[in-house]
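K.L.:
Under my numbering, think of the first position of the sequence shown as 9, with each following residue one higher.
Note that the Cβ used here is the ideal one computed from N, Cα and C, for glycine as well.
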Amino acid sequence: MLKVMLVDDKQTIVDGMEMLIDWEKHGYSVAAKVTNAADAIEIIKKEKIDVVITDIRMPKMSGIELIKCMEEISSATKYILLSAYSEFEYAKFAIDHHVSGYILKPVDEEELIALLQKVKTEIERNNEYQKQQIGAYIMSLLAGKKNNINELTEFRESNNLRYIVVREFYRDMINLNSSRNVTGGSLYAVISRCSDEICFISENISGEVELVVDFTHSDGNVRTYTENIKEHLEAAGLTNFVIFVGSKCDTIEDISISKKSSEILVDALFYEDTGKVFIYDDYKDVEYNKLISEHELIDSITEYLNMMNDVGLRKTVDLFHDEIVRMRIRPDFVKTYIGKIIVEIGSFISRNDVQDAVFIVYRWSKLEKHPMLTHNIVYMFLTGAVDEISKAFMRIKNKSASGVIGEITDYINKNYANAELSMQLIAKIYYLTPSYLGKVFKEKMGESFKDYVLRVRMEKAKEMLINTSYKVHHIANLVGYTDVNYFYTKFQKYEGISPTQYREKNNKIGIDE
Numbered sequence: 009m010l011k012v013m014l015v016d017d018k019q020t021i022v023d024g025m026e027m028l029i030d031w032e033k034h035g036y037s038v039a040a041k042v043t044n045a046a047d048a049i050e051i052i053k054k055e056k057i058d059v060v061i062t063d064i065r066m067p068k069m070s071g072i073e074l075i076k077c078m079e080e081i082s083s084a085t086k087y088i089l090l091s092a093y094s095e096f097e098y099a100k101f102a103i104d105h106h107v108s109g110y111i112l113k114p115v116d117e118e119e120l121i122a123l124l125q126k127v128k129t130e131i132e133r134n135n136e137y138q139k140q141q142i143g144a145y146i147m148s149l150l151a152g153k154k155n156n157i158n159e160l161t162e163f164r165e166s167n168n169l170r171y172i173v174v175r176e177f178y179r180d181m182i183n184l185n186s187s188r189n190v191t192g193g194s195l196y197a198v199i200s201r202c203s204d205e206i207c208f209i210s211e212n213i214s215g216e217v218e219l220v221v222d223f224t225h226s227d228g229n230v231r232t233y234t235e236n237i238k239e240h241l242e243a244a245g246l247t248n249f250v251i252f253v254g255s256k257c258d259t260i261e262d263i264s265i266s267k268k269s270s271e272i273l274v275d276a277l278f279y280e281d282t283g284k285v286f287i288y289d290d291y292k293d294v295e296y297n298k299l300i301s302e303h304e305l306i307d308s309i310t311e312y313l314n315m316m317n318d319v320g321l322r323k324t325v326d327l328f329h330d331e332i333v334r335m336r337i338r339p340d341f342v343k344t345y346i347g348k349i350i351v352e353i354g355s356f357i358s359r360n361d362v363q364d365a366v367f368i369v370y371r372w373s374k375l376e377k378h379p380m381l382t383h384n385i386v387y388m389f390l391t392g393a394v395d396e397i398s399k400a401f402m403r404i405k406n407k408s409a410s411g412v413i414g415e416i417t418d419y420i421n422k423n424y425a426n427a428e429l430s431m432q433l434i435a436k437i438y439y440l441t442p443s444y445l446g447k448v449f450k451e452k453m454g455e456s457f458k459d460y461v462l463r464v465r466m467e468k469a470k471e472m473l474i475n476t477s478y479k480v481h482h483i484a485n486l487v488g489y490t491d492v493n494y495f496y497t498k499f500q501k502y503e504g505i506s507p508t509q510y511r512e513k514n515n516k517i518g519i520d521e
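In structure tokens form, the structure reads like this:
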């Protein structure tokens with residue numbers, strides 16, 4: 009609603025003006041009715057008035073003098089002159105001072121409504137232009153640039169501004185499904201509706217919602233404000249987000265400092281990963297440490313890998329996680345230590361030719377680039393890596409214990425993409441009869457040769473569906489099927505769902521995409 013002040017030296021006139029039309033219907037509210045210029049000036053000093061309708065001829069100070077005084081206080085206010093006299097000098101004043109309209113008494117209802125609609129359009133147009141100016145200026149400040157803003161007066165008295173950013177964030181990103189229900193646009197739509205204190209809001213190219221909020225003239229505080237945003241987002245069904253609030257700054261020109269300060273909250277999130285709102289004031293003095301037992305950690309990992317001791321590996325991972333939380337290790341250092349662990353795993357992989365475990369290295373290469381991690385996300389990744397390595401240990405041990413069958417399963421694991429792979433082919437390579445091979449294979453492996461090949465191919469296909477963006481027909485070729493329809497049939501029977509449905513259900517590669 010646009011606020012209107014009615015000014016006339018006769019109370020009956022201002023009362024009659026208020027009752028003349030349905031102000032709210034036309035987007036206005038009568039904020040004040042006064043009968044002298046002095047009171048009108050005091051009100052406009054304290055309150056934002058959009059439109060002043062004033063009589064011209066009043067005792068002590070005329071409407072013309074009143075407008076001249078008010079223009080020095082509020083350049084954005086619009087004025088409508090009201091008079092029983094139709095004189096050229098008043099019309100000329102109206103033109104010179106950009107007065108929006110001039111109405112003769114007695115006021116005609118339709119004429120007033122038409123004039124108010126015209127004024128409303130002018131104000132909306134000016135507000136939009138001003139909003140664009142302010143937005144461009146603040147964006148340049150956030151980018152670290154300084155510009156002249158002499159013509160923008162909104163922030164001259166501001167001394168309590170904050171940078172706030174709302175980011176989409178999934179705490180279960182290790183098991184993240186490729187389809188997301190929350191987008192930056194949804195966050196933006198809710199936030200832009202939930203507060204009148206926003207002086208700037210924008211969605212940046214990363215889908216983050218950036219705000220600059222002026223608390224100078226607000227009765228609320230930053231905690232109440234951000235909790236209000238949080239509650240509105242959750243009420244709208246949006247739960248995968250985090251709110252960072254930068255430091256307080258005294259001038260709009262320092263807003264980039266507030267933005268820079270919010271970066272430390274990424275480290276706070278690493279340990280306080282159940283929180284939704286992080287305010288700079290709460291974490292500015294938090295100190296982080298280095299992990300002291302780095303060499304002991306790496307030596308333990310190496311030892312348990314060489315021993316193929318998955319129990320020891322798991323214990324080491326648990327101790328590592330407990331240590332980083334207990335000592336509050338700087339997240340960048342945690343990433344470095346995990347990188348060294350991955351190097352050891354990679355070395356083990358290369359020595360033992362365990363191709364399945366390559367995905368551990370791939371997943372970490374994606375995860376470490378993510379701008380926001382938590383200690384629980386890291387722990388889930390490491391325990392998942394131990395699970396993969398445990399499977400690799402089992403395959404290596406089975407290979408050693410199975411003699412020629414171990415060599416044959418190793419051959420199948422390496423050559424599953426060969427569409428000609430068959431028992432007859434393997435029997436010829438290893439100088440066995442197909443019937444004998446089938447019997448021994450079943451005894452050693454607990455399943456038929458045909459079922460084993462199918463399982464290897466299906467499991468490889470599942471891994472590719474989860475961890476690559478290859479088309480289904482391409483994956484079919486990569487696992488030994490030249491007929492994609494036949495592959496569909498086999499996969500549906502093996503897994504109970506189609507390849508496309510499996511990918512939609514289990515895709516894990518959307519970590520930073």
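Quick check on residue 444: buried or exposed, where buried means 16 or more other Cβ atoms within 10 Å of its Cβ?
P.N.:
Exposed: under 16 other Cβ atoms inside 10 Å.
K.L.:
Is DSSP giving residue 223 helix, strand or coil here?
P.N.:
Correct three-state label for residue 223: coil.
K.L.:
Counting C-beta neighbours from all protein chains within 10 Å, is the total for residue 81 16 or more, i.e. buried, or is it exposed?
P.N.:
Exposed, since its Cβ has fewer than 16 Cβ neighbours within 10 Å.
K.L.:
Quick check: what's the CA-CA separation for residue 490 versus residue 347?
P.N.:
Those two C-alpha atoms are separated by around 39 Å.
K.L.:
Report yes or no: is there a C-beta of chain D within less than 8 Å of the C-beta of residue 369?
P.N.:
Checking the listed chains, one finds no chain D in this structure; it contains a single protein chain.
K.L.:
Have a look at residue 109 and residue 13 and give me their C-alpha separation to the nearest angstrom.
P.N.:
Their Cα atoms are separated by approximately 15 Å.
K.L.:
Rounding to the nearest angstrom, what Cα-Cα distance links residue 423 and residue 307 in this structure?
P.N.:
Residue 423 and residue 307: Cα-Cα distance of roughly 35 Å.
K.L.:
Considering just the uninterrupted stretch of the alpha helix (DSSP H) at residue 109, what are its terminal residues?
P.N.:
It is not in any alpha helix (DSSP H) - residue 109 instead sits in the beta strand (DSSP E) that spans 109-112.
K.L.:
By Cβ distance, which residues of its chain are closer than 8 Å to residue 46, with the 5 residues on each side in sequence left out?
P.N.:
Only 68, 69 meet the Cβ criterion.
K.L.:
Mind checking residue 379: buried by the 16 CB within 10 Å criterion, or exposed?
P.N.:
The residue in question, residue 379, is exposed, as its Cβ has fewer than 16 Cβ neighbours within 10 Å.
K.L.:
So which of 251, 195, 18 has the shortest CA-CA distance to residue 244?
P.N.:
Here the closest residue by C-alpha is 195.
K.L.:
Less than 7 Å between C-beta atoms, sequence neighbours within five positions excluded: which residues of the same chain meet that for residue 248?
P.N.:
Excluding positions up to five away in sequence, the list reads 176, 177, 178, 190.
K.L.:
Please classify residue 43: does DSSP put it in a helix, a strand, or coil?
P.N.:
Looking at residue 43 - three-state DSSP - the assignment turns out to be coil, as it is neither helix nor strand.
K.L.:
In whole angstroms, what separates the C-alpha of residue 125 from that of residue 259?
P.N.:
Approximately 36 Å, taken between the alpha carbons.
K.L.:
Please state whether the Cβ-Cβ distance between residue 288 and residue 264 is less than 8 Å.
P.N.:
Not closer than 8 Å, so no.
K.L.:
Flag this pair as yes or no: are the beta carbons of residue 384 and residue 281 separated by less than 8 Å?
P.N.:
Yes, they are a contact pair.
K.L.:
Under 8 Å by Cβ, that's how I've got residue 242 and residue 173 pegged, so tell me the actual separation to the nearest angstrom.
P.N.:
The pair is not a contact, with the Cβ atoms about 18 Å apart (cut-off 8 Å).
K.L.:
If you compare alpha carbons, which of 293, 376, 389, 273 is closest to residue 329?
P.N.:
The option with the nearest alpha carbon to residue 329 is 389.
K.L.:
For residue 145 versus residue 266, is the C-beta spacing smaller than 8 Å?
P.N.:
No, these two residues do not count as a Cβ contact at 8 Å.
K.L.:
Does DSSP put residue 63 in a helix, in a strand, or in coil?
P.N.:
The answer is strand: DSSP assigns residue 63 an E or B state.
K.L.:
Going straight from the alpha carbon of residue 53 to that of residue 246, what length do you get?
P.N.:
Approximately 41 Å between the Cα atoms of the pair.
K.L.:
Determine the extent of the alpha helix (DSSP H) in which residue 499 is found, giving its start and end residues.
P.N.:
It spans 492-503 - the alpha helix (DSSP H) in which residue 499 sits, taken as one unbroken run.
K.L.:
Give me the DSSP bridge partner(s) of residue 257.
P.N.:
Looking at the DSSP assignment, residue 257 forms a beta bridge with 169.
K.L.:
Based on the DSSP secondary-structure assignment, which residues constitute the bridge partners of residue 211?
P.N.:
Per DSSP, 217.
K.L.:
Taking DSSP as the reference, what is the three-state secondary structure of residue 264?
P.N.:
In this structure, residue 264 counts as helix in the three-state DSSP scheme.
K.L.:
Would you check if there are 3 or more beta carbon pairs closer than 8 Å linking the region 416-431 to the region 457-469?
P.N.:
The answer is yes - the region 457-469 touches the region 416-431, with three or more Cβ pairs under 8 Å.
K.L.:
Just how far apart, CA to CA, sit residue 480 and residue 473?
P.N.:
Their backbone Cα atoms lie some 8 Å apart in a straight line.
K.L.:
Quick check: the region 339-353 against the region 446-453, are there 3 or more CB pairs under 8 Å?
P.N.:
The region 339-353, when compared against the region 446-453, does not touch it at the 8 Å Cβ threshold.
K.L.:
Identify whether residue 315 lies in helix, strand or coil by the three-state DSSP scheme.
P.N.:
If DSSP states are grouped into helix, strand and coil, residue 315 belongs with the helices.
K.L.:
Which one of 90, 120, 333, 337 has the shortest CA to CA distance from residue 34?
P.N.:
Of the listed residues, the one whose Cα sits closest to residue 34 is 120.
K.L.:
Can you tell me the Cβ-Cβ gap for residue 15 and residue 74, rounded? I've got them flagged as a contact below 8 Å.
P.N.:
7 Å between Cβ atoms; contact.
K.L.:
Cutting at 6 Å between CB atoms, please list the residues of its own chain near residue 275, excluding the five before and the five after it.
P.N.:
Once the five neighbours on either side are set aside, the close Cβ partners of residue 275 are 339.
K.L.:
Less than 8 Å separating the beta-carbons of residue 309 and residue 251?
P.N.:
No.
K.L.:
Is DSSP giving residue 447 helix, strand or coil here?
P.N.:
It is helical.
K.L.:
Out of curiosity, what's the CA-to-CA distance linking residue 386 and residue 86?
P.N.:
Distance between the alpha carbons of residue 386 and residue 86: 59 Å.
K.L.:
Within 10 Å of its beta-carbon, does residue 136 have 16 or more other beta-carbons around it, so buried, or fewer, so exposed?
P.N.:
Per the 10 Å Cβ criterion, exposed.
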